[in-house]
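Enquirer:
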Amino acid sequence: MAKVFGIRVPVFPLGLLPNGFEIKWAGKTGIAIIENFCTREEADYLIARSGKRLTDSRITVGNKRIKDAYRTSQTAVVFDPYNKDPTVLRVVARAAMLLGLPANHVESVYVTRYREGEYYKAHHDAYEGFDGDRLYTTLIYLNDMTDDEGGGTVFEKLNIGVRPQCGRAVMWTNTNPDGTRHPEVMHEALPVAPGATKWIIQLWFRNYKMIDTPRTSFDTPQTERGLPLTGEEILPAGAWAPGDVEPDSDYGKGFS
0 MAKVFGIRVP VFPLGLLPNG FEIKWAGKTG IAIIENFCTR EEADYLIARS GKRLTDSRIT
60 VGNKRIKDAY RTSQTAVVFD PYNKDPTVLR VVARAAMLLG LPANHVESVY VTRYREGEYY
120 KAHHDAYEGF DGDRLYTTLI YLNDMTDDEG GGTVFEKLNI GVRPQCGRAV MWTNTNPDGT
180 RHPEVMHEAL PVAPGATKWI IQLWFRNYKM IDTPRTSFDT PQTERGLPLT GEEILPAGAW
240 APGDVEPDSD YGKGFS
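First residue of the sequence shown? That's 0 in numbering that gives the first Met the number 0, and the numbers climb one at a time after it.
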């Protein structure tokens, strides 16, 4: 996309990615599911950030934003031209890094809450036409939900559903470079079961600048000195602490 639109893609430090960050493609659907896209602390912060500013969600009809039974939820702006929260910017920067777009191509960012019985019927995130509408969507779940609690995201034409889990993100492409939509990414938010609540944050990216993002110096682990393992850490597969074991050969730790 950077070549198509002639934009300069910034580089964000690897330290912006949380521990356990993992990307998997759902078959050949074009849907990417990302585990640990954000931390639980970030998710809790985003929920708290929405606070008392939640208002009834709206849909766009023509040039108007109206309340409609097609979409029942509440939303709150947490990042826009007048409110450039650095914690939200960190989350935006991760998505921008994966998409190859500058972070300032994101629209105003909303946190959305779905309570008992609330839903969003099948819809597209982008409109038809070469007007630089929403190229990409990144949908991030901010709390855990069981299968019995509902609230999943379903792409009926792709025969795939995604269950909410704190920190999990779903990412997809909405349009082709000529502005035509991908019809298969029509999706819906299933109703939430009694007694449950669903929280998400949506990031929509366009092919042009939407917000003047501040020049932020992120405090990342890469700017700190590394410390030796203590032996109490849970390590990724394939890693070990040589000082804690006797090697099985002169060439290092053996595997059986």
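Ideal Cβ placement from N, Cα and C applies to all residues, glycine included.
Using 8 Å as the Cβ pair cut-off and three pairs as the minimum, do the segment 72–91 and the segment 107–123 touch?
Expert: The segment 72–91 is in contact with the segment 107–123.
Enquirer: For Q164, which of F36, V77 and G14 has the nearest alpha-carbon?
Expert: Considering only alpha carbons, the answer is F36.
Enquirer: Which same chain residues, not among the five before or five after P220, have their C-beta less than 6 Å away from its C-beta?
Expert: With a pLDDT of 47 at P220, under the threshold of 50, the predicted position of this residue should be treated as unreliable, though the coordinate-derived value follows. Answer for P220: G14, listed in chain order.
Enquirer: Are the CB atoms of A121 and T174 within a distance shorter than 9 Å?
Expert: The answer is no: Cβ separation not under 9 Å.
Enquirer: Could you compute how far the alpha carbon of L98 sits from the alpha carbon of V184?
Expert: Using only the alpha carbons, I get a separation of about 17 Å.
Enquirer: T86 by DSSP, collapsed to three states: which one?
Expert: Helix.
Enquirer: Could you give the distance in angstroms between the alpha-carbon of D132 and the alpha-carbon of H104?
Expert: C-alpha separation (whole angstroms): 11 Å.
Enquirer: Pull up the DSSP beta-bridge partners for T138, would you.
Expert: Checking the displayed sequence, the identity of residue 138 turns out to be Leu instead of Thr. Per DSSP, V169 and Q201.
Enquirer: According to DSSP, simplified to helix, strand and coil, what is K120?
Expert: K120: strand per DSSP, three-state reduction.
Enquirer: On the criterion of 16 or more Cβ atoms from any shown chain inside 10 Å, does K197 qualify as buried, or is it exposed?
Expert: Buried.
Enquirer: In whole angstroms, what separates the C-alpha of N142 from that of I22?
Expert: Cα to Cα, N142 sits roughly 19 Å from I22.
Enquirer: Have a look at P85, E187 and W171 and flag the residue whose alpha-carbon is nearest the alpha-carbon of W24.
Expert: Ranking the options by Cα distance to W24, first place goes to W171.
Enquirer: DSSP has A92 in a bridge; who is on the other side?
Expert: None; A92 has no bridge partner.
Enquirer: If you draw a straight line from the C-alpha of A92 to the C-alpha of A102, how long is it?
Expert: Between A92 and A102, the C-alpha separation is close to 5 Å.
Enquirer: So, are the CB atoms of G29 and H181 less than 9 Å apart?
Expert: Yes.
Enquirer: Which class does L15 belong to by DSSP, given the choice of helix, strand or coil?
Expert: Correct three-state label for L15: helix.
Enquirer: The alpha helix (DSSP H) spanning I271 covers which residue range?
Expert: Residue 271 lies beyond the stretch modelled for the chain, which goes from 0 to 255, so this question has no answer here.
Enquirer: Please check the pair Y118 and A188, which I expect to be a contact at CB under 8 Å, by giving their CB distance rounded to whole angstroms.
Expert: Yes, they are in contact, since the Cβ atoms of Y118 and A188 sit about 6 Å apart, within 8 Å.
Enquirer: Bridge partners of R112, per DSSP?
Expert: The partner list for R112 (beta bridge, DSSP) reads Q73 and W198.
Enquirer: What does DSSP give as the partner residue(s) for A188 in the beta ladder?
Expert: Paired residue(s): Y119 and T152.
Enquirer: Rounded to a whole number of angstroms, what is the C-alpha to C-alpha distance between Q201 and L234?
Expert: Cα to Cα, the separation comes out at about 32 Å.
Enquirer: From D147, A236, I139 and N206, pick the residue whose C-alpha is nearest to that of T38; which is it?
Expert: Checked all of D147, A236, I139 and N206; the closest Cα to T38 is I139.
Enquirer: Which of the three DSSP states, helix, strand or coil, is assigned to E232?
Expert: Coil.
Enquirer: Would V169 and A68 qualify as a contact pair, given that the criterion is a beta-carbon distance under 9 Å?
Expert: Their beta carbons are not under 9 Å apart, which means V169 does not touch A68 by this criterion.
Enquirer: With DSSP collapsed to three states, give me the class of I46.
Expert: Reduced to three states, the DSSP call for I46 is helix.
Enquirer: Is it right to say K2 is buried, meaning 16 or more other beta carbons lie within 10 angstroms of its own, or is it exposed?
Expert: Since pLDDT at K2 reaches only 45, below the 50 mark, its modelled position is unreliable, and no value is offered.
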